[in-house]
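Under full-length UniProt numbering, the residues of the sequence shown are numbered 1 to 434, in order.
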Amino acid sequence: MLEPVRIPSGYTSTMATHPSNTQRSLETLPNAAVHAQHPLNHSSSEEWSDKDHKDSLQSPTAPSMAHLESADSPPQQNMFTADGGHKHPHGHGLKQKASSTLQSPRAWMGLRPMATLDEELDHAGHNHLFWPKVKIALKEPIAEFWGTFILVLFGDAAIAQTLLSGTDAVRASSPGGGGFGAWDTISWAWGLGLMLGVYVAGDSGAFLNPAICLASCIFRKLPWRRLPLYWAAEFLGAFVAAGVVYGNYINGINQYEGQGIRSVASATNPTGTAGIFATFPASDLTKASQFFDQFIGSALLVFLIWTLKDDSNKGKFVASGAWFPLGLFFVMLGIATAFGWQTGFAINPARDLGPRVMIAALGYSGVWSAGGYYFWVPIVAPFCGAVVGAFLYDVFIYTGETPVNTPWLGLKKLINPKRTIQERLEHQKEQSIV
1 MLEPVRIPSG YTSTMATHPS NTQRSLETLP NAAVHAQHPL NHSSSEEWSD KDHKDSLQSP
61 TAPSMAHLES ADSPPQQNMF TADGGHKHPH GHGLKQKASS TLQSPRAWMG LRPMATLDEE
121 LDHAGHNHLF WPKVKIALKE PIAEFWGTFI LVLFGDAAIA QTLLSGTDAV RASSPGGGGF
181 GAWDTISWAW GLGLMLGVYV AGDSGAFLNP AICLASCIFR KLPWRRLPLY WAAEFLGAFV
241 AAGVVYGNYI NGINQYEGQG IRSVASATNP TGTAGIFATF PASDLTKASQ FFDQFIGSAL
301 LVFLIWTLKD DSNKGKFVAS GAWFPLGLFF VMLGIATAFG WQTGFAINPA RDLGPRVMIA
361 ALGYSGVWSA GGYYFWVPIV APFCGAVVGA FLYDVFIYTG ETPVNTPWLG LKKLINPKRT
421 IQERLEHQKE QSIV
């Protein structure tokens, strides 16, 4: 036979004045009894932890004796505050997330308001200092800077080593007498630089290429406000990397080209060293061939990147996932091997323009006029090729969300740009990027 439930004397007056609160409190009694009999709460790591149970009893949803004694008493404060901060366990005030204080400037730049930080590190004391806050606020652009820096550093350094070690004196002193590099060396170095740069810039999306950023804005909803920030970071990364390579190999450049001589290689000047840093076309190449060579390489690059990142194109294999950087290594190696001779496979506006500006500042002559003012080709052609490569992949293979998978292959969005802008703004509001 069931025993009647005893209600404390002080609780009966509360029942009369606050029936809804009383009803809710009585409903929590069975749960409170269960917690009393089983003081262990299951944690996210699938291990039983008494600490987790204590934390749960302090949360607003868990019943407490104070609530049973007085329904008018305020709920207990949670260890987590409404603004994402933490309350110090010893009552020494609030310890707010470092990233939560930087949401407005990050959103203004088109970045996700909350930076991707480990939960524990987000509350670390040092993250409330000035420079750690700068790193959190500019986490993605800084990652793009260093990722592009690594890419260009490895690539340009490999070209420098291969070219400058090609003299008879250096070859004679090298193992096997063949110098310290060949075309394969350069191809491998650019592939390795891209792979390692992607690892460095993982938090930003690891674009490392303004043309890929543009294609992502058009076809993958990368916020347009983020575009100039990423472009600047990528350009500066390539610019600084070229300066580092120049400083490292300045002695070899002086020996190869001559003290104080800085020029672009040509049929009449075979010792020019500007090609270490920027790309220049073969002497007999027409302007149309120059453009198409850069165009096809860039289109192929983006087409294959879209392939490696496409979760909907499984077939016998899933998307590359953790193997994505290694996949990019082979993509770059293949492009360098198959499309590298005629124009030097820049396929990246930042990779060419940043070092070109650097060597112009260092006193190289003919940097802008060489190849019939070729300098604009590795800037414009990669943008065109990247957009076309992304478009072709989305038209023929991609089944996910993209402008191409809308009426008239996305042309209707061009006819009604106001609606397109509204949809993009709604998407950014969902991510709190406003």
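Each residue gets a CB set at the ideal place from its N, CA and C atoms; glycine is no exception.
Taken in chain order, no unbroken stretch of beta strand (DSSP E) lies wholly in the stretch 273 to 303 with a span of 3 residues or more. S216 sits in a helix when the DSSP states are folded into three classes.
The three-state reading of DSSP puts W368 in coil, since its state is none of H, G, I, E or B.
Under the three-state reduction of DSSP, L138 is assigned to coil, being neither helix nor strand.
From the listed residues R351, V380, E144, the smallest Cα separation to D203 is found for E144. Look at E401 here: in three-state DSSP terms it is coil, with no helix or strand label. Residue state for W231 is assigned as helix, using DSSP reduced to three classes. For T116, the secondary structure class from DSSP, reduced to helix, strand or coil, is coil. For D352, the three-state secondary structure derived from DSSP is helix. Ranking G366, I212, W131, F291 by CA distance to the CA of F391 puts I212 first. Taking a C-beta distance under 9 Å as the contact criterion, S283 and G272 do not qualify as a contact pair. Closest in alpha carbon position to L304, among L208, R424, Y393, is Y393. In the structure shown, N254 adopts helical secondary structure according to DSSP, grouped into three states. Contact between P417 and Q342 fails: their C-beta atoms lie close to 38 Å from each other, not under 8 Å. Judged by pairs of C-beta atoms under 8 Å, the stretch 181 to 201 touches the stretch 143 to 157, as three or more such pairs exist.
Taking A322 as the centre and dropping the five residues before and after it, the same chain places no C-beta closer than 6 Å to its C-beta. One Cα belongs to M109, the other to T420, and the distance between them is close to 21 Å. Here S187 has L333, A336, T337, G340 as same chain residues with Cβ atoms under 7 Å from its own Cβ, once five neighbours each way along the sequence are excluded. Counting only residues of its own chain and dropping the five nearest sequence neighbours on each side, K309 has a CB closer than 8 Å to the CB of A319, S320, F324.
Looking at the backbone, the Cα of L196 and that of G327 are separated by about 12 Å. Cα atoms of G363 and I415: separation of roughly 48 Å, rounded to the nearest angstrom. The Cβ neighbour count for E426, taken over all protein chains shown within 10 Å, is under 16; the residue is labelled exposed. The C-beta distance from T162 to T185 rounds to 5 Å, short enough to fall under 8 Å. By the neighbour-count criterion, in which 16 or more other beta carbons inside 10 Å mark a residue as buried, N405 falls on the exposed side. In the DSSP annotation of this structure, the continuous segment of the alpha helix (DSSP H) that includes G385 starts and ends at 377 to 396. In this structure, W306 lies away from Y230, with their beta-carbon atoms at least 9 Å apart. Taken atom to atom, the span from the alpha-carbon of M358 to that of V240 is near 8 Å. Out of D168, A158, R171, the CA that lies nearest to the CA of W183 is found in A158.
Using a 10 angstroms sphere on the CB of T279, the tally of other CB atoms reaches 16 or more, which defines it as buried.
In the three-state DSSP reduction, W146 falls in the helix class (H, G or I). Close CB contacts of A370 within its chain, under the 6 Å cut and outside five residues either way in sequence, are with V264, F280 (chain order). By the Cβ test, the stretch 247 to 259 is not in contact with the stretch 366 to 381, since fewer than three Cβ pairs between them sit closer than 8 Å. Per DSSP, the unbroken alpha helix (DSSP H) holding A169 starts and ends at 168 to 173.
Within its own chain, the residues whose Cβ lies closer than 6 Å to the Cβ of V331, once the five positions on either side in sequence are excluded, are L304, listed in chain order. When the beta-carbon positions are compared, I218 and L164 stay at least 9 Å from each other.
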